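K.L.:
Here it is, the structure, as structure tokens.
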Amino acid sequence: MADGSTALVGVVARPHPLQRDTYYAEAKAGQTIAQILGDGAADNLRVELGGEEVPRSLWPCLRPKAGQRLHVTAYPKGSNNKLLKVVVVIVAIVYAYWTGDFATALKILAYGFTVVNLLVPPPMPKAPGANGDAFDPLSALTGTQNRATIYSPVPLVLGTVRFYPTHAALPYTEICGDEQFLRMLLDLGPGTLDVSDIKIGETPIANYDGVDWEVSTTPTLFTHDVYELQVGTNLNSDAASDTRTSQTGANELSIDLQFPSGLFGVDSKGRDVTGYVSVSILYRKVGDSAWSSAAAANGLVPSSSTIASDGTNFTVTGSARRTLRVGLRWKVPAAGQYEVLVRRVSTSWSATTVSDYSDMTWTVLRSISPSSASTTGTNKLALRIRATDQLNSVVSTVSVVASQRIPVYDHVNEVWVDDVATSNNAWIYHWLLTSAPEQAVARRVSADRMDLDAIIAWAQDCDAMGYGYNQVEQGGRSLFDLAQDVLAGGRATFGMRNGRYSCVRDIAQSTPVQMFTPANSWDFRGQRAFFDPPHALRCQFINPEANNQEDELVVYAGGYDKTNATRFEKMDLRMCSDPTPVWRLATYHLEASAQRQNVYTWMADVEFLVCERGDLVSVASDVVEWGVCSARVKSISGDRLTVTLAGVVPMEAGKLYAIQVRSDDAVQAVVNITTTGDGDVQDLVLAAALPANVQIGDLAVVGERNLVTMPLIVQRIEPQNELTAKITGVDAAPSVPAAGTGTAPTFVSSITGKPWCEPPEIPVVNIRVGDSAPDDAGVIYPQPGFGGTPSSGIYRVPLNGRAARR
Numbered sequence: 071m072a073d074g075s076t077a078l079v080g081v082v083a084r085p086h087p088l089q090r091d092t093y094y095a096e097a098k099a100g101q102t103i104a105q106i107l108g109d110g111a112a113d114n115l116r117v118e119l120g121g122e123e124v125p126r127s128l129w130p131c132l133r134p135k136a137g138q139r140l141h142v143t144a145y146p147k148g149s150n151n152k153l154l155k156v157v158v159v160i161v162a163i164v165y166a167y168w169t170g171d172f173a174t175a176l177k178i179l180a181y182g183f184t185v186v187n188l189l190v191p192p193p194m195p196k197a198p199g200a201n202g203d204a205f206d207p208l209s210a211l212t213g214t215q216n217r218a219t220i221y222s223p224v225p226l227v228l229g230t231v232r233f234y235p236t237h238a239a240l241p242y243t244e245i246c247g248d249e250q251f252l253r254m255l256l257d258l259g260p261g262t263l264d265v266s267d268i269k270i271g272e273t274p275i276a277n278y279d280g281v282d283w284e285v286s287t288t289p290t291l292f293t294h295d296v297y298e299l300q301v302g303t304n305l306n307s308d309a310a311s312d313t314r315t316s317q318t319g320a321n322e323l324s325i326d327l328q329f330p331s332g333l334f335g336v337d338s339k340g341r342d343v344t345g346y347v348s349v350s351i352l353y354r355k356v357g358d359s360a361w362s363s364a365a366a367a368n369g370l371v372p373s374s375s376t377i378a379s380d381g382t383n384f385t386v387t388g389s390a391r392r393t394l395r396v397g398l399r400w401k402v403p404a405a406g407q408y409e410v411l412v413r414r415v416s417t418s419w420s421a422t423t424v425s426d427y428s429d430m431t432w433t434v435l436r437s438i439s440p441s442s443a444s445t446t447g448t449n450k451l452a453l454r455i456r457a458t459d460q461l462n463s464v465v466s467t468v469s470v471v472a473s474q475r476i477p478v479y480d481h482v483n484e485v486w487v488d489d490v491a492t493s494n495n496a497w498i499y500h501w502l503l504t505s506a507p508e509q510a511v512a513r514r515v516s517a518d519r520m521d522l523d524a525i526i527a528w529a530q531d532c533d534a535m536g537y538g539y540n541q542v543e544q545g546g547r548s549l550f551d552l553a554q555d556v557l558a559g560g561r562a563t564f565g566m567r568n569g570r571y572s573c574v575r576d577i578a579q580s581t582p583v584q585m586f587t588p589a590n591s592w593d594f595r596g597q598r599a600f601f602d603p604p605h606a607l608r609c610q611f612i613n614p615e616a617n618n619q620e621d622e623l624v625v626y627a628g629g630y631d632k633t634n635a636t637r638f639e640k641m642d643l644r645m646c647s648d649p650t651p652v653w654r655l656a657t658y659h660l661e662a663s664a665q666r667q668n669v670y671t672w673m674a675d676v677e678f679l680v681c682e683r684g685d686l687v688s689v690a691s692d693v694v695e696w697g698v699c700s701a702r703v704k705s706i707s708g709d710r711l712t713v714t715l716a717g718v719v720p721m722e723a724g725k726l727y728a729i730q731v732r733s734d735d736a737v738q739a740v741v742n743i744t745t746t747g748d749g750d751v752q753d754l755v756l757a758a759a760l761p762a763n764v765q766i767g768d769l770a771v772v773g774e775r776n777l778v779t780m781p782l783i784v785q786r787i788e789p790q791n792e793l794t795a796k797i798t799g800v801d802a803a804p805s806v807p808a809a810g811t812g813t814a815p816t817f818v819s820s821i822t823g824k825p826w827c828e829p830p831e832i833p834v835v836n837i838r839v840g841d842s843a844p845d846d847a848g849v850i851y852p853q854p855g856f857g858g859t860p861s862s863g864i865y866r867v868p869l870n871g872r873a874a875r876r
């Protein structure tokens with residue numbers, strides 16, 4: 071930090087004026103206070119600069135100087151006393167400084183409410199692309215053109231998506247006879263893909279004439295590495311010339327010449343006259359002094375008989391009144407970088423002309439190498455497109471529907487089924503970790519290290535709930551980040567169980583796996599996150615019914631609807647292509663943020679090994695008055711209706727108590743106590759006999775009925791020294807796992823699914839033929855007529871010539 075310390079502004083933040091907790095950050099100098107704090111700054115913040123308070127109205131104007139320190143304090147103000155929001159603001163400031171990405175920092179602020187539920191976090195906004203490319207990697211789902219993203223990761227199709235594949239090589243044109251062709255090579259990514267519904271713009275590729283295409287890892291329509299240099303030099307007069315330099319490593323060279331107005335003359339009687347243009351084409355290796363003629367080169371291939379060689383120069387012949395294109399391709403003696411000189415030598419005519427047309431343009435120089443244009447080994451879409459009246463401009467809107475085929479486990483027959491097109495999050499997660507192609511995943515996990523039973527159960531839940539993951543991943547993220555997103559899209563998170571890669575799900579549980587009390591745990595603590603929960607989430611997803619456009623579903627929290635909701639936050643769910651799972655995920659996270667604002671931590675010894683993340687446990691602690699006494703069972707008597715503990719129970723008159731016992735087989739039983747009194751009691755009389763598996767020495771807790779222990783979900787386990795661990799838990803809150811499992815409300819999209827420039831319905835026109843009434847001379851004339859009611863609306867004709875009604 072020493073080199074850049076003079077260009078920084080220090081930020082010191084306190085979540086409450088009476089608390090000692092202080093957070094430190096540094097921001098780039100030159101920004102306004104509003105830019106440093108971001109749009110998510112709470113309205114109860116007091117900002118001081120140089121010991122003086124800065125009014126909020128001056129935040130957008132005042133720019134702290136480098137070296138100054140900005141003090142930010144959150145003061146209580148009704149329900150706006152938010153510790154969490156201040157902390158998130160500081161996190162956003164630190165992220166923005168180190169990455170320079172203030173847009174993502176604002177997204178962190180927008181996701182502040184989800185910090186309270188770390189058990190199953192939501193899908194988070196995606197990081198910027200590779201090599202500092204700030205484009206959103208998900209934009210490929212709704213992009214509008216094919217891009218050449220040099221040095222960027224190849225796309226990876228997950229599930230089923232429509233997307234605009236990137237160029238695997240630069241496109242180039244070629245002249246064959248009088249026709250021009252465009253060759254393109256697009257990268258579809260690794261894996262086993264089903265590719266269908268190829269479109270150019272919004273028109274299926276089958277509707278075009280002169281378009282050849284193939285999908286293969288070894289395409290034959292694009293076999294060389296070709297670099298095309300657009301020249302555009304006019305050589306309209308004799309002796310005019312120009313020189314260009316090829317790419318390095320070229321084995322062949324190619325040029326195109328064009329006569330945009332044609333090559334022809336007109337004599338005095340209006341007859342066409344044939345024209346002849348002599349052209350000299352020379353080349354030499356960069357650094358050499360002697361030129362060689364392409365007319366005498368090996369491997370010379372003219373585009374048609376229109377251009378011919380006499381061994382020294384080339385002669386172009388034409389007599390038709392249309393654009394004339396000719397091309398040449400020849401081999402060079404050795405691979406390298408070459409200079410190419412094109413000179414117009416002379417122009418002649420077969421007869422005397424009164425007007426002639428012979429303007430010539432050198433349009434293209436190509437450098438050709440016989441090496442493969444792409445060596446990634448991924449699926450390619452190769453196209454060869456002929457220039458026609460349908461396709462006569464730059465083609466940059468090729469899109470496809472691609473489905474990844476992956477192995478799926480048939481749990482009924484207990485066999486793996488290969489090459490199944492599925493969007494199920496569980497099988498995509500398993501495929502990414504175990505068998506995804508090496509172009510996508512560098513290191514894979516052995517299949518026997520996967521917790522298959524847990525993944526099967528999750529896969530069945532994904533099918534039942536409609537969860538799916540449909541996305542093109544091309545942001546260069548780590549495998550773990552991508553796997554976390556796949557997990558979150560199916561309401562799960564990463565977990566390890568018994569040394570195997572598994573998944574943790576927030577599901578309804580009734581049987582706790584462990585009981586923690588002051589007798590086997592210590593250092594119990596709790597904290598609560600105070601924040602303003604949103605009234606609704608605005609969820610973005612991809613809607614196939616709306617022409618694969620980005621759509622939005624607003625999901626309201628309990629007690630809110632469109633009439634009273636005023637606080638909205640966004641959630642990025644563009645891996646979803648169905649509004650039902652979008653509603654389920656958003657409803658779950660809204661409920662979790664409302665019901666799980668408390669976080670508890672405690673220390674435990676080796677008994678922590680019994681539980682895993684996501685497990686239900688029973689917890690007793692005198693800190694929060696869960697249970698009044700915990701001890702071991704000392705004796706059991708009276709037909710198991712009386713139990714004596716190794717400690718005394720402090721009872722109060724008028725209160726009802728119960729005992730919860732954990733046996734050595736981890737089964738827990740709760741029995742009401744009939745003993746009443748006021749003071750310390752050791753012998754307890756039970757309302758029912760203890761289960762037979764309860765033995766002397768088992769762990770027991772006594773407390774007020776319905777408050778003996780608290781059911782918690784294990785959120786995190788952090789191993790410590792000497793076989794101890796720090797355990798973090800959240801409230802079990804049965805309403806949270808049940809959230810979003812019902813019937814989703816009807817979704818009505820505001821997008822029609824049809825492009826706005828779609829042609830209107832054909833009007834009904836009736837043509838009638840009749841006779842007119844006799845005129846004064848008694849003559850009757852035929853009288854045609856037209857009938858039909860035209861449709862109302864405004865019609866617009868876009869560039870593609872199709873009418874549209876608005």
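Residues in the sequence shown are numbered from 71 upward in steps of one, following my numbering.
All C-beta atoms, glycine included, are put in the ideal place defined by N, C-alpha and C.
Quantities reported herein were computed from a predicted structural model and do not represent experimental measurements.
1. So, at 8 Å on beta carbons, what are the nonlocal neighbours of Asp750 in its own chain, with the 5 sequence-adjacent residues on each side left out?
2. Apart from the five residues on each side of it in sequence, which residues of its chain come closer than 6 Å, Cβ to Cβ, to Ala496?
3. Check each candidate in Ala77, Tyr93, Gly108 and name the one with the smallest Cα separation from Gly100.
4. Could you name the residues that DSSP lists as bridge partners for Ser311?
5. Report the option in Arg732, Val740, Asp631, Leu451 whose CA atom is closest to the CA atom of Ile766.
6. Residues bridged to Lys725 by DSSP?
7. For Thr448, count the other beta carbons within 10 Å of its own beta carbon; 16 or more makes it buried, fewer makes it exposed. Which is it?
8. Since Ala472 contacts Leu258 with CB under 8 Å, what's their CB separation in whole angstroms?
9. Measure the Cβ-Cβ separation of Val465 and Leu451 and say whether it is below 9 Å.
10. Taking the alpha-carbon positions, what's the Val478 to Asp523 distance?
11. Quick one: Cα of Thr243 to Cα of Tyr571, how far?
12. Excluding the five sequence neighbours on either side, which residues of its own chain have a C-beta within less than 7 Å of the C-beta of Gly202, listed in chain order?
13. Looking at C-beta atoms only, is the number of pairs between the segment 507-517 and the segment 608-624 that lie closer than 8 Å three or more?
14. Hey, Tyr539 and Arg436 are a contact pair by Cβ (cut 8 Å); roughly how many whole angstroms apart?
15. Can you name, in chain order, every residue of its own chain whose Cβ lies under 6 Å from the Cβ of Arg84, other than the five neighbours on each side?
16. Check whether the segment 369-384 and the segment 346-354 are in contact - that is, three or more C-beta pairs closer than 8 Å.
17. Alpha carbon to alpha carbon, what distance is there between Glu639 and Gly80?
18. Taking only runs of the beta strand (DSSP E) that begin and end inside the segment 428-482, which ones reach a length of at least 3 residues, in chain order?
19. Using DSSP with H/G/I as helix, E/B as strand and the rest coil, what is Ile821?
20. Please work out which residues of its chain come closer than 6 Å, Cβ to Cβ, to Ser359, disregarding the five sequence neighbours upstream and downstream, and give them in chain order.
21. Please classify Glu661: is it buried, with 16 or more other beta-carbons within 10 angstroms of its beta-carbon, or exposed?
22. Spatial neighbours of Asp262 within its chain, please: CB distance less than 8 Å, with the 5 preceding and 5 following residues excluded, ordered by chain position.
23. Pick out whichever of Trp653, Arg637, Ala635, Thr636 has its Cα sitting closest to the Cα of Leu643.
24. According to DSSP, simplified to helix, strand and coil, what is Ser700?
25. On the DSSP letters alone, give me the boundaries of the beta strand (DSSP E) that Trp672 sits inside.
26. Answer with yes or no whether the minimum CB distance from Val190 to chain B is below 9 Å.
27. Is the CB-CB distance between Gly545 and Thr431 below 9 Å?
28. Hey, out of Leu189, Glu249, Leu256, whose CA is closest to Gln215's CA?
29. Taking the CB atoms as reference points, tell me whether Cys646 and Val583 lie closer together than 9 Å.
30. Can you give me the Cβ contacts of His500 inside the same chain, cut-off strictly under 7 Å, excluding the 5 residues immediately before and after it?
31. Here's the rule: buried if 16 or more other CB atoms are within 10 angstroms of the residue's CB, otherwise exposed. What is Cys913?
32. Leaving out five residues before and five after Thr636 in sequence, what residues of the same chain have Cβ atoms less than 8 Å from its Cβ?
33. Look at the alpha carbon of Pro651 and the alpha carbon of Leu782, and state the distance between them as a whole number of angstroms.
34. Would you kindly work out how many angstroms separate the C-alpha atoms of Thr422 and Asp312, rounded to a whole number?
35. Is it right to say Met585 is buried, meaning 16 or more other beta carbons lie within 10 angstroms of its own, or is it exposed?
36. Taking the straight line between their C-alpha atoms, what separation do you get for Gly74 and Arg116?
P.N.:
Checking against the coordinates, here is how it stands:
1. Val718, Val719, Pro720, Met721
2. Ile525, Trp528, Ala529, Cys532
3. Ala77
4. Arg413
5. Arg732
6. For Lys725, which the question treats as bridged, DSSP gives no partner whatsoever.
7. buried
8. 6 Å
9. no
10. 13 Å
11. 50 Å
12. For Gly202, the predicted model reports a pLDDT of 38, less than 50, meaning its position is unreliable; a value from the coordinates is still stated below. Cβ neighbours of Gly202 beyond the five flanking positions: none.
13. no
14. Their Cβ separation, rounded to whole angstroms, is 42 Å, which puts Tyr539 and Arg436 out of contact at 8 Å.
15. Thr92, Thr143
16. yes
17. 29 Å
18. 431-439, 449-456, 468-480
19. coil
20. none
21. buried
22. Residue 262 is actually Thr in this sequence, not Asp. Cβ neighbours of Thr262 beyond the five flanking positions: Gln474, Arg475, Ile476, Asp489.
23. Trp653
24. strand
25. 668-674
26. Annotation note: the requested chain B is absent from the structure, which comprises a single protein chain.
27. no
28. Leu256
29. no
30. Met520, Ile525
31. The displayed coordinates of the chain run from 71 to 876. Any statement about residue 913 would go beyond what the structure contains.
32. His605
33. 27 Å
34. 30 Å
35. buried
36. With a pLDDT of 42 at Gly74, under the threshold of 50, the modelled position of this residue cannot be trusted, and the question is left open.
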